[in-house]
Amino acid sequence: MTEVRPILEARGVFKGFFGNPVLKGIDIALQPGRVHALLGENGAGKSTLINLLSGALTPDEGTIAIDGKAVARLSPSMARAAGIGVVQQELSLASQLSIAENIGLGAYPKRFGLIDYRALARGARDVCELVGVTEPLDTPVSSLSLGRRQMVEIAKALFAKPRVLILDEPTSSLSAHEASVLADVIFTLRDRGVAVLYISHRLNEVRALCSHVTVLKDGGITADRSLDGIDGEGLVRLMVGRETGALFPPRPDIVPGPLRLRTKGFSAGIVRDADVLGHAGEVLGIGGLVGQGQEDLLLGLYGAIPARSIETKIDGQSGLPNNVAAANAAGIVYVPADRKHEGLVLTHSIASNIILPSLAKLARRGLRSRGAEADMIGDLARQLMIKGDVARPVQALSGGNQQKVALAKWLPLDPGVLLLNDPTRGVDIETKREIYKMLRRFTGEGRLVILASSDTPELVHLCDRVLVLREGRVVLELRGDAITEEAIVGAAMGIEADGETRIVREEVAQ
Amino acid sequence: MSLLKTILRNPPLLTFLLVALVWLVAGLTLRGFGAFGHLRYLLELASVIGIAAAGQTLVILMGGIDLSVGAVITVTAILLPLLSPAWDPTGLVGVVLALAIAIGIGFLNGLGAAVLRVPPIIMTLAMATFLQGVLVLVAGGSAVTVQNPAVILLGQTRPLGVPAGVVLWVVVSAVVLMLIHRMPIGARFLALGANPLAARLSGVSLTRNTLILYSLSGFFAGLAGILLLGMNRQGYVGIGDPYLLTSIAAVVLGGTSILGGRGTYAGTIPGALLLVTTTALITVVNASPGWRSIMFGSLILGLLLISGREARR
Chain A
0 MTEVRPILEA RGVFKGFFGN PVLKGIDIAL QPGRVHALLG ENGAGKSTLI NLLSGALTPD
60 EGTIAIDGKA VARLSPSMAR AAGIGVVQQE LSLASQLSIA ENIGLGAYPK RFGLIDYRAL
120 ARGARDVCEL VGVTEPLDTP VSSLSLGRRQ MVEIAKALFA KPRVLILDEP TSSLSAHEAS
180 VLADVIFTLR DRGVAVLYIS HRLNEVRALC SHVTVLKDGG ITADRSLDGI DGEGLVRLMV
240 GRETGALFPP RPDIVPGPLR LRTKGFSAGI VRDADVLGHA GEVLGIGGLV GQGQEDLLLG
300 LYGAIPARSI ETKIDGQSGL PNNVAAANAA GIVYVPADRK HEGLVLTHSI ASNIILPSLA
360 KLARRGLRSR GAEADMIGDL ARQLMIKGDV ARPVQALSGG NQQKVALAKW LPLDPGVLLL
420 NDPTRGVDIE TKREIYKMLR RFTGEGRLVI LASSDTPELV HLCDRVLVLR EGRVVLELRG
480 DAITEEAIVG AAMGIEADGE TRIVREEVAQ
Chain B
0 MSLLKTILRN PPLLTFLLVA LVWLVAGLTL RGFGAFGHLR YLLELASVIG IAAAGQTLVI
60 LMGGIDLSVG AVITVTAILL PLLSPAWDPT GLVGVVLALA IAIGIGFLNG LGAAVLRVPP
120 IIMTLAMATF LQGVLVLVAG GSAVTVQNPA VILLGQTRPL GVPAGVVLWV VVSAVVLMLI
180 HRMPIGARFL ALGANPLAAR LSGVSLTRNT LILYSLSGFF AGLAGILLLG MNRQGYVGIG
240 DPYLLTSIAA VVLGGTSILG GRGTYAGTIP GALLLVTTTA LITVVNASPG WRSIMFGSLI
300 LGLLLISGRE ARR
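Same order as they appear, the protein sequences are chains A and B.
To convert, note that position 62 of the first sequence is 61 in numbering that gives the first Met the number 0; the numbers rise steadily by one, no gaps.
To convert, note that position 60 of the second sequence is 59 in numbering that gives the first Met the number 0; the numbers rise steadily by one, no gaps.
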């Protein structure tokens with residue numbers, strides 16, 4: 000190997016939680032001027048390793064070394080002082096503060112003991128220019144879209160002039176354009192001698208950006224090598240540890256079943272005048288750039304935000320549900336994108352979360368039946384392969400398993416219409432595969448799945464039909480082989496679409 | 000060691016042990032503290048706090064707070080004698096009317112919090128202030144004496160040597176524990192307390208549950224007011240005031256998170272006992288009322304550090 004001295008290293012680190020070993024003797028060395036990929040399924044220990052490298056956690060055994068010198072107890076402030084910057088997967092911005100204030104947070108330039116806003120603005124402007132944040136610097140972060148916030152988060156990390164930059168799934172909420180800006184930034188940093196650690200589930204990105212890869216599996220390392228001469232399949236094999244089948248289940252040649260959902264002139268949030276049809280046994284994809292009304296469409300159909308329509312029929316019933324309880328009663332369920340804040344009660348147990356929508360159904364004479372509840376929870380945990388003790392709090396689970404819990408809790412209601420908002424965001428490949436298979440099983444049972452997704456391949460390969468939203472309007476409808484990445488991205492960006500939309504609109508009118 | 004860990008992780012048990020320890024030490028060192036009559040008296044006093052804190056526990060578990068508990072106690076204690084009609088020999092009509100008013104007040108609190116979206120701390124505090132004004136207008140400065148036989152029975156009899164108020168507390172405890180741990184609504188408002196957004200998207204109605212819980216809080220405060228009236232035989236403006244802080248302190252001493260989502264009434268029970276014990280010990284010490292109040296406040300803080308501390312996440 001090369002003689003370059005790594006800036007930041009972990010040497011034989013072990014870390015466990017509640018007696019479960021998560022990392023079992025990991026070595027990783029981040030060298031200056033190299034973009035290093037960290038791959039692994041959810042639960043493989045990636046987040047824990049990042050937390051050790053940034054001082055948020057202390058290893059049980061082994062050492063963290065900076066510039067070749069072992070540091071006994073690395074704290075977050077020591078890591079910061081040593082030039083280690085982290086962009087977390089969970090956005091950690093203070094939403095009430097402005098872009099500039101967020102960027103400077105914790106490292107405000109001072110003058111006479113007061114914040115030097117002029118120096119802050121100068122510094123913030125520089126990093127914002129670098130990452131293409133063009134909004135005025137006094138814009139409160141709360142008014143930015145998720146993708147823009149992510150760019151601010153990256154700008155914030157750059158403001159501290161890091162020597163090591165750790166990026167945890169930075170592109171999961173970025174548009175294609177923003178992602179390419181980020182790629183340029185990463186290359187610039189690399190050429191300046193910054194050591195970059197890049198975590199992503201998108202293998203194409205990893206192969207385009209990185210030159211070296213460390214693969215984690217079950218807390219151990221299965222590869223620590225150059226990315227030369229290894230293809231996507233090979234990487235997946237290293238992560239999963241066995242031959243993989245196709246990620247997406249085959250699309251069945253469906254004869255569209257009877258209509259389950261039909262709404263005309265639907266408006267909710269920023270969605271205007273949308274016509275949506277959904278058949279039994281169909282996966283209907285909702286695509287578009289981040290924040291074009293995908294979530295509003297789902298929430299409106301779910302009765303969670305005010306919505307109106309000219310005419311709506313869901314499973315024979317007329318009208319949109321007025322509230323969530325009415326939607327649930329009509330067999331409509333919703334899995335939110337932000338599972339930590341909207342999907343799950345994190346501090347409560349897996350069992351409590353699963354049982355929440357079914358409490359009334361399982362109660363006998365007004366009292367909860369522990370036996371019936373335990374049977375149902377056990378059954379679902381087995382069916383969805385949720386591992387471990389269901390009395391544990393949900394927050395102890397990995398992202399993929401949390402998502403399974405968020406999905407599992409609805410199954411006892413036997414829903415006819417499943418509204419899913421980006422269900423595979425931040426989920427590892429193996430769990431993705433399980434979720435895709437599960438969705439196909441649901442449609443096989445005659446249910447309708449409506450899937451909003453920021454992952455275009457998911458729309459292309461999983462969905463039977465795709466609606467593309469732009470600025471709250473349905474701009475394109477695609478079906479079957481016409482669903483291509485080019486068509487979706489083109490319509491999402493506002494590039495002239497072909498005549499298909501019109502054809503579909505006529506169909507709805509019939 | 001693992002036994003110690005289990006105890007430390009179980010706030011209700013920890014609080015119970017603390018009460019037992021204080022009773023043991025005080026019983027051995029203070030003349031008369033350990034006498035059956037004295038302990039029974041402590042239990043009787045604790046039952047008022049315990050019943051008032053039952054509603055408070057429910058509301059706090061759901062992430063709210065009820066600052067009108069003291070005012071509702073005063074309202075029932077003053078209005079009940081006035082509302083009890085002379086033609087009713089049992090006195091039950093007056094009791095039902097007073098409780099209906101208490102529930103109504105709680106329901107209004109719930110409406111303000113759930114429908115008008117007024118923060119519960121403001122809504123219930125405003126309600127308390129409003130009620131105080133009404134009471135001054137209705138009762139003036141004078142105390143009202145209770146003649147209602149049902150209330151006197153509740154406050155004065157001791158079937159088999161157990162004060163009726165304590166029996167009432169046992170019944171209330173059983174019902175509330177059942178509500179929290181064995182009924183669907185208990186799981187629902189715990190979920191609302193821990194993550195309102197996720198609970199709402201799971202089909203749990205915030206409005207409905209808020210209305211139910213604040214109404215229940217009004218009901219239990221009213222019940223405590225009736226018991227207090229029976230024990231005191233007189234209602235006057237300010238009779239319920241001490242029960243606002245104690246109802247919240249009992250909940251928190253029992254290890255229930257003030258932020259909601261975690262805890263149980265099983266902790267509030269020893270919490271109430273601990274509070275009256277503390278008061279009794281302070282009374283023994285010969286000090287001016289000012290000093291007693293200072294000692295009470297400091298002791299509550301001290302006790303919170305021992306038993307009511309939020310478990311570290």
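We put the beta carbon where it would ideally sit given N, CA and C, even for glycine.
From a predicted model like this one, the values you see are computed outputs, not experimental measurements.
Exposure label - residue i; buried when at least 16 CB within 10 Å
i	result
B/L205	buried
A/S308	buried
A/R363	exposed
B/S216	buried
A/D374	exposed
A/I198	buried
A/R224	exposed
B/S141	exposed
B/Q146	exposed
A/P249	exposed
A/H176	exposed
A/D463	buried
B/V24	exposed
A/L181	buried
B/A19	exposed
Coil, strand or helix - residue i by DSSP
i	result
A/P169	coil
B/K4	helix
B/L189	helix
A/K360	helix
A/P58	coil
A/S142	helix
A/A43	coil
A/L38	strand
A/I185	helix
A/H278	strand
A/V132	coil
A/R464	strand
A/A273	strand
A/Y107	coil
A/A64	strand
B/N194	coil
A/R288	Contrary to the premise, residue 288 of chain A reads as Leu rather than Arg in this sequence. DSSP places A/L288 in coil when its eight states are reduced to three.
A/A496	Bear in mind that the predicted position of A/A496 carries a pLDDT of just 43, short of 50, making it unreliable; the figure below should be weighed with that in mind. DSSP places A/A496 in coil when its eight states are reduced to three.
A/S97	strand
A/K23	strand
A/E444	coil
B/L200	helix
B/V68	helix
A/E470	coil
A/A175	helix
Start and end residues, beta strand (DSSP E) containing residue i
i	result
B/T255	From DSSP, B/T255 is part of no beta strand (DSSP E); its letter is neither H nor E.
A/I511	Since the first and last residues shown for chain A are 0 and 509, residue 511 of chain A lies out of range.
A/T311	310–313
A/E8	7–16
A/R72	It is not in any beta strand (DSSP E) - A/R72 carries neither H nor E in the DSSP assignment.
A/G84	83–86
Whole-number beta carbon distance between residue j and residue i, since they are thought to touch under 8 Å
i	j	result
A/A64	A/R10	6 Å
A/G342	A/A405	4 Å
A/V344	B/A197	5 Å
B/R39	B/P162	7 Å
Span of the alpha helix (DSSP H) around residue i
i	result
B/A52	35–60
A/V426	Run containing A/V426: none; DSSP gives neither H nor E here.
B/V18	10–28
> Considering only residues of the stretch 191–268 of chain A, which uninterrupted alpha helix (DSSP H) runs meet the minimum length of 4 residues and lie entirely inside it, listed in chain order?
Replying inline: Here the runs fully enclosed are 202–208, 231–239.
> Going along the chain, which unbroken runs of the alpha helix (DSSP H) with 4 or more residues stay wholly within the stretch 207–282 of chain B?
Replying inline: Fully contained in the stretch 207–282 of chain B are the following alpha helix (DSSP H) runs of length 4 or more, in chain order: 241–252.
>> My parser needs the alpha helix (DSSP H) runs of 4 or more residues fully inside the stretch 116–175 of chain B; what are they?
In response: Fully enclosed alpha helix (DSSP H) runs of no fewer than 4 residues occupy 119–138, 148–155 of the stretch 116–175 of chain B, in order along the chain.
>> Report the start-end ranges of each beta strand (DSSP E) in the stretch 364–429 of chain A that is 3 residues or longer and not cut off at the edges.
In response: Taking only runs of at least 3 residues, the beta strand (DSSP E) segments lying wholly in the stretch 364–429 of chain A are 416–420.
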